[in-house]
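Novice: Residue numbers (the numbering used here): 607 to 714.
Every residue, glycine too, gets a C-beta built ideally from N, C-alpha and C.
The structure follows.
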Amino acid sequence: MGKLYPTWGQMGERVVSERVDGNGTSFTLTTSDGRDVRIHLQEPLNEYVSGLTEVTGDVTQQNTIQCQHYITFPQETTDTFDLELYNTAVELSGNMPQNYIVGIEPQS
């Protein structure tokens with residue numbers, strides 16, 4: 607997942623990770639393929655972020671995302687989530703984008 611960042615540029619993206627290390631205004635996620643990604647927040651954290659976390663935001667530079675929204679999942683979800691299978695799905699969608707269309711095309 608992290609290895610695909612250089613191809614994303616300034617587009618919005620979603621990241622799911624299991625390891626979180628935070629300091630208040632930013633935190634680091636380790637992606638499903640073992641890459642560290644720095645997440646910058648618009649406002650300081652007001653809760654402890656750990657376990658399985660999903661971040662939606664804009665890729666601003668290599669391995670950095672400007673966070674628009676994040677979700678931390680309950681421990682039971684973290685315990686049962688197959689991060690390796692998720693990584694395989696992300697790689698498939700990245701390698702064959704024509705088969706994994708995201709978004710809705712406007713109708714004429």
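#1: Taking just the CA atoms, how far does G640 sit from P650?
#2: Out of N669, F687, Q668, Y654, which one is the CA nearest neighbour of Y676?
#3: Do Q648 and T662 have their C-beta atoms closer together than 8 Å?
#4: Kindly indicate which three-state DSSP category V696 falls into: helix, strand or coil?
#5: My assumption, with CB atoms under 8 Å, is that Q672 sits in contact with H646. Please give the rounded CB distance.
#6: To which residues of the same chain is T684 closer than 6 Å at the C-beta, ignoring the five residues directly before and after it?
Specialist: Once the coordinates are examined:
#1: 25 Å
#2: Y654
#3: no
#4: helix
#5: 5 Å
#6: G657, L658
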